[in-house]
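Working notes for the structure below.
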Amino acid sequence: EEQFDPSFKLDEFSRYGRQMLLPEIGFSGQKAFKQTSVVVIGAGGLGCPALQYLTAAGIGHIGIVDGDVVDSSNLHRQVIHSTSRKGLPKVYSARQFCQDLNPNVKVTCFYENVSVENIFDIIRNFDVVLDCTDNQMTRYLLSDACVLSGKPLVSASAVQLEGQLLVYNFENGPCYRCMFPQPTPAASLMSCSSAGVFGPIVGVIGVMQALETLKLILRIHKAGDVEPFQPTMLLFNGFRTPQWKSVRIRGRQASCTACGPSARLSKEFMQKQANEYLSMCGDNSGATL
Amino acid sequence: EEQFDPSFKLDEFSRYGRQMLLPEIGFSGQKAFKQTSVVVIGAGGLGCPALQYLTAAGIGHIGIVDGDVVDSSNLHRQVIHSTSRKGLPKVYSARQFCQDLNPNVKVTCFYENVSVENIFDIIRNFDVVLDCTDNQMTRYLLSDACVLSGKPLVSASAVQLEGQLLVYNFENGPCYRCMFPQPTPAASLMSCSSAGVFGPIVGVIGVMQALETLKLILRIHKAGDVEPFQPTMLLFNGFRTPQWKSVRIRGRQASCTACGPSARLSKEFMQKQANEYLSMCGDNSGATL
Amino acid sequence: MSIRVELCGGLDLLFNKQKELTVQLTDIGQNATVGDLIQYMTNKIEDESKCELFVMDGSVRPGIIILVNDQDWELLDKEDYVLETKDNVVFVSTLHDH
Amino acid sequence: MSIRVELCGGLDLLFNKQKELTVQLTDIGQNATVGDLIQYMTNKIEDESKCELFVMDGSVRPGIIILVNDQDWELLDKEDYVLETKDNVVFVSTLHDH
Ligand SMILES: [Zn+2]
Ligand SMILES: [Zn+2]
Numbered sequence: 002e003e004q005f006d007p008s009f010k011l012d013e014f015s016r017y018g019r020q021m022l023l024p025e026i027g028f029s030g031q032k033a034f035k036q037t038s039v040v041v042i043g044a045g046g047l048g049c050p051a052l053q054y055l056t057a058a059g060i061g062h063i064g065i066v067d068g069d070v071v072d073s074s075n076l077h078r079q080v081i082h083s084t085s086r087k088g089l090p091k092v093y094s095a096r097q098f099c100q101d102l103n104p105n106v107k108v109t110c111f112y113e114n115v116s117v118e119n120i121f122d123i124i125r126n127f128d129v130v131l132d133c134t135d136n137q138m139t140r141y142l143l144s145d146a147c148v149l150s151g152k153p154l155v156s157a158s159a160v161q162l163e164g165q166l167l168v169y170n171f172e173n174g175p176c177y178r179c180m181f182p183q184p185t186p187a188a189s190l191m192s193c194s195s196a197g198v199f200g201p202i203v204g205v206i207g208v209m210q211a212l213e214t215l216k217l218i219l220r221i222h223k224a225g226d227v228e229p230f231q232p233t234m235l236l237f238n239g240f241r242t243p244q245w246k247s248v249r250i251r252g253r254q255a256s257c258t259a260c261g262p263s264a265r266l267s268k269e270f271m272q273k274q275a276n277e278y279l280s281m282c283g284d285n286s287g288a289t290l
Numbered sequence: 002e003e004q005f006d007p008s009f010k011l012d013e014f015s016r017y018g019r020q021m022l023l024p025e026i027g028f029s030g031q032k033a034f035k036q037t038s039v040v041v042i043g044a045g046g047l048g049c050p051a052l053q054y055l056t057a058a059g060i061g062h063i064g065i066v067d068g069d070v071v072d073s074s075n076l077h078r079q080v081i082h083s084t085s086r087k088g089l090p091k092v093y094s095a096r097q098f099c100q101d102l103n104p105n106v107k108v109t110c111f112y113e114n115v116s117v118e119n120i121f122d123i124i125r126n127f128d129v130v131l132d133c134t135d136n137q138m139t140r141y142l143l144s145d146a147c148v149l150s151g152k153p154l155v156s157a158s159a160v161q162l163e164g165q166l167l168v169y170n171f172e173n174g175p176c177y178r179c180m181f182p183q184p185t186p187a188a189s190l191m192s193c194s195s196a197g198v199f200g201p202i203v204g205v206i207g208v209m210q211a212l213e214t215l216k217l218i219l220r221i222h223k224a225g226d227v228e229p230f231q232p233t234m235l236l237f238n239g240f241r242t243p244q245w246k247s248v249r250i251r252g253r254q255a256s257c258t259a260c261g262p263s264a265r266l267s268k269e270f271m272q273k274q275a276n277e278y279l280s281m282c283g284d285n286s287g288a289t290l
Numbered sequence: 848m849s850i851r852v853e854l855c856g857g858l859d860l861l862f863n864k865q866k867e868l869t870v871q872l873t874d875i876g877q878n879a880t881v882g883d884l885i886q887y888m889t890n891k892i893e894d895e896s897k898c899e900l901f902v903m904d905g906s907v908r909p910g911i912i913i914l915v916n917d918q919d920w921e922l923l924d925k926e927d928y929v930l931e932t933k934d935n936v937v938f939v940s941t942l943h944d945h
Numbered sequence: 848m849s850i851r852v853e854l855c856g857g858l859d860l861l862f863n864k865q866k867e868l869t870v871q872l873t874d875i876g877q878n879a880t881v882g883d884l885i886q887y888m889t890n891k892i893e894d895e896s897k898c899e900l901f902v903m904d905g906s907v908r909p910g911i912i913i914l915v916n917d918q919d920w921e922l923l924d925k926e927d928y929v930l931e932t933k934d935n936v937v938f939v940s941t942l943h944d945h
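These protein sequence lines are chains A, B, C and D, in that order. So the first sequence is numbered by our numbering: it starts at 2 and just counts up by one. So the second sequence is numbered by our numbering: it starts at 2 and just counts up by one. So the third sequence is numbered by our numbering: it starts at 848 and just counts up by one. So the fourth sequence is numbered by our numbering: it starts at 848 and just counts up by one.
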C-alpha cells in the first residue's frame, strides 16, 4: 500500500513530502486526504484559515458554501480574501486563493446560503462537513442534516476573545442537539450581538478546525492503530491564562430528537413543516433559514 | 483620546470596526497597532500565518526577512505563498499577499538571511521582533540582538506534531539564554533533522504568535489596567489530549551571559569575534550564521 | 473548603465581568450540589432582569452547559452532583454571533 | 504513590515512543528528587549510545527543561526538588529543525 501510486503526480510527492514523513500520516494518510471530500459552510473568519490548511494539506475535493460578497469590514479576520476582490462573492474569492495555493485540489463553489431546501443536496457529495457559520439556526440545520445524511460535522465558533470547537456526529459522539436540546432563547442571543471579534482568535480556531478535520480523516481511513475517539470540547480564551481547556463531553444521547433511537426528525419533516422545524432551531422571527 | 483622529481613513474605520468594538482593543488599541512596527524573521510555515494576522489587524509597519525563494515543497505549510509565485523570493511573495490583504500597512522586505552583520541594522527600526525561523543558531542570534537592542522577541517553533511559543526579553521575563544557557549539542539536533512537519500544527502556532504579539502591543501602549506579565511557555501537541499546556517559566536570570547584570555579550564581540560567538550559539560546523 | 467558578462565553457580563471567582462551600449550604450553586450564582446577579439570561425553569437556560473538573456535567449527576472542596466548575454559554 | 512523567519535543523517541508513563515513587528511591528521576529515566533508555541525547554532566543535556506541575523547575529546586505523589513531571526538548 505504501508503494508507488501512479495517480500521484511528481508535484504531489514534492509538495506533500515533508508531511508524508510523519509516521502518523505517511503515504497512506496522504492518499486518504486526496480521496476525501470536505465541504466548508461559510467562507468567513473561520472558513478562511480552515480552507487554507485543508487545501494546503491536499484534500481531494473541497466545497465552499457562502452567499456573501467580500467586504472591507471583514478583512481584519477573513484573511484569504483581499482588498482587490471586494464585492466578489466570497466563494469565488476563496476558490481563486485555494487554486493558486494548490492546483491539485478540486474546488466546487456554492454561492448561496444554506437552507432546508438546499442543504441535503450540498452535503450529499462530501464526506465531512465543517460548520464555519455564526448563528444558531444554521448550527441546528447543519447538525440535523449531517445526522440524517450520516456525515461527521466539525463545528467551530468564535466571538470576541473566545472560541469553541467540537466534532459532532462522529462515532459515539453527540450531535448538536445532544449537547443543546433546546435552542438558546432569542433574548440571550441578543446579549452578545455585534459583540465584535478579534482576527487571530477566529484564526486560531479555524486552523484547529482544519487540524481536527484532517485527524478525523486519518482516523476514518486508518482504523485500528489510532486511539479511540473521545468526544471533546475545546475552549479558548486568547486573553486569559491558561488559554485552552479541553473538556470531556457526553456521548450520543438516547433522548436526542435528532440522533436518538426514537428521533422524530426527518428530511421530509424539515422541508414540509418548515415553520415547526424552524421553531425547533430557535427561530422566533419567522425568518426563513 | 477616543475621539476622531484625522490620521485614520474611512477604510480603516470600516476595516477595523469589529475589532475596535472589543473593550480590550478599542480605538486606542487600534492606534497602538498602527503606531507599532513589527519585523517577522522568516516567511515560512510560522511567518506566513503570523504575517497574515498582523497585516489584517492593522500593524503600521511590517518588516519581512527571508533569504529563500518559494518552493513547491513548502506549500503544504507556507500558505500565503502560491504555486504561481514559485521561484520568487518569499519576502516579495509575502509582501504581495499582505499588501492586497491590507494596503494600509507599510511593508519592508529584507531579501537576506539574518547574520551577526545585518541583524542589528534590520531590527533597529522595529518595535517588536518575531522569531519564525527554525534553527538554534538563529534563535541565539535573534535573542542576543534583541537583548542588546532592547526589543521584545516573540519566538515560536514547530516540528512534527508539536509546537512551542515563548515571549523573550519582555519586562521581567527571560531571554533565550536564560532558558537555554548552553546550546543543544549538535548530535541531539541531528536526531530530529528532516523530521517532517504538518501544516496546521505550524499554522496554529504562527497564528498564536501573531496573537501574542498583538497582546504585547496592547500592553506596551496601555499599561495600568492589564494583568501583569507572567513569563509563560505554551506547549502544543496536535495529536494528544489535552493538546495545550501553559507553563509558568523562570524570569530573567542573574547568571545570564546575555541579559544578566554581568553579561559579557556585546554587538562588538558578536561581530569582531564571530567564531567565538558562533560557538556560543551551538555552531560546531564552522558555518557562518 | 472552597470551589473555583469560571464564567465563559460571555457569562462574565452577568457577574460584573468577573471571569473567575472563589466560592466558599459553606456559603452555598450543607452538602451543596450543582443545583444549589446555580441558585447561589443566580442570587449574585445584580440586575434581576438579567436573571433570565442565566436560569430558566429551575436550571441553567438552554445554551449553557456546566463543566465540573473538565467534564461535561451530563457525565456526572447534573444538578445533583455534590460539590467537593477544590472542585472547578465552569459555566459556558455556547457562542453565537446573532 | 506514583508520579506521571511526560516526554515532549521528541524525547519520547528515546523511550520506545512512550509519551507518558506512570512511575512508582518507591521504584525511584526514598525521598526521591528530580535528580533521582533523571537517573531513573536514563536507566530506562535501552540503547545506551542514546543516553547522551538525554543526560550530560550529571543533569539533563542542554536544550532540555523540566516542568513540575506546570512550573519551570528553575522556579523550584531543580534537581533537588523532592517528588510528591501525583506530581506531574514533563521533560521537554526545545524544538529545532536542524
Ligand atoms: Zn443527538
Ligand atoms: Zn538572559
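Think of the CB as a built atom: it goes at the ideal place given N, C-alpha and C, for glycine as much as any other residue.
Item	Value
heavy atom of ligand 1 below 7 Å from residue 871 of chain C C-beta	no
Amino acids of chain C, ordered along the chain, whose beta-carbon sits closer than 9 Å to that of residue 231 of chain A	Chain C residues near residue 231 of chain A: none, gap ~11 Å exceeds 9 Å.
Per DSSP, the bridge partner or partners of residue 855 of chain D	D:939
Chain-ordered chain A contacts of residue 115 of chain B [CB-CB under 8 Å]	Within chain A, no residue comes near residue 115 of chain B; the closest Cβ sits about 23 Å away, beyond 8 Å.
Boundaries (first-last residue) of the alpha helix (DSSP H) holding residue 246 of chain A	Segment 245-249 is the beta strand (DSSP E) holding residue 246 of chain A; no alpha helix (DSSP H) there.
Residues of the region 914-927 of chain C with Cβ closer than 8 Å to any Cβ of chain A, in chain order	914, 917, 918, 919, 921, 922
Contact belief for residue 128 of chain B with residue 242 of chain B at Cβ below 8 Å, rounded distance in angstroms	Not a contact, Cβ separation roughly 38 Å.
Listed by chain order, chain B residues near residue 893 of chain D by CB distance under 8 Å	Correct list: empty, because the minimum Cβ distance to chain B is about 15 Å.
Residues within the region 88-114 of chain B neighbouring chain A, beta-carbon criterion of under 7 Å	101, 102, 103, 104
Distance between residue 263 of chain A and residue 53 of chain B (C-alpha atoms, nearest Å)	48 Å
C-alpha distance - residue 194 of chain B paired with residue 943 of chain D, whole-angstrom precision	Here residue 194 of chain B scores only 45 on pLDDT, less than 50, and its place in the model should not be relied on; the value that follows carries that caveat. Computed Cα separation, rounded: 8 Å.
Candidates C:878, C:917, C:920, C:863: closest to residue 888 of chain C by CA position	C:863
Any chain B beta carbon closer than 8 Å to residue 905 of chain D	no
Coil, strand or helix - residue 169 of chain A by DSSP	strand
Where residue 905 of chain C falls, given that 16 or more other Cβ within 10 Å makes a residue buried	exposed
Any non-hydrogen atom of ligand 2 closer than 7 Å to residue 254 of chain B Cβ	yes
Rounded straight-line distance, which links the Cα of residue 207 of chain B to that of residue 47 of chain B	4 Å
Near ligand 2: residue 257 of chain B beta-carbon under 7 Å from a heavy atom	yes
C-alpha distance - residue 85 of chain A paired with residue 272 of chain A, whole-angstrom precision	39 Å
Residue 299 of chain A Cβ short of 7 Å to ligand 1 heavy atom set	With chain A covering 2 to 290 only, the question about residue 299 of chain A has no answer from this structure.
Check: residue 18 of chain B C-beta below 7 Å from any heavy atom of ligand 2	no
Residue 276 of chain A - DSSP class collapsed to helix/strand/coil	helix
Proximity below 8 Å, CB of residue 900 of chain C to CB of residue 188 of chain A	yes
Residue 897 of chain C in three-state terms, based on DSSP	helix
Environment of residue 869 of chain C [buried if 16+ CB atoms lie within 10 Å]	exposed
Beta-ladder partner(s) of residue 164 of chain A, from DSSP	A:159, A:237
Cβ shell of residue 882 of chain C (< 7 Å), same chain only, five flanking positions each side left out	926, 927
beta-carbon residue 261 of chain A near ligand 1 non-hydrogen atom, thresh 7 Å	yes
Spatial distance of residue 292 of chain B from residue 223 of chain B (CA atoms)	Since the first residue of chain B shown is 2 and the last is 290, residue 292 of chain B is not available in this structure.
Spatially closest choice to residue 259 of chain B from B:239, B:275, B:281, by CA coordinates	B:281
Interface flag, residue 163 of chain B vs chain D, CB-CB below 8 Å	yes
At least 3 beta-carbon pairs within less than 8 Å: the region 121-139 of chain B vs the region 234-250 of chain B	no
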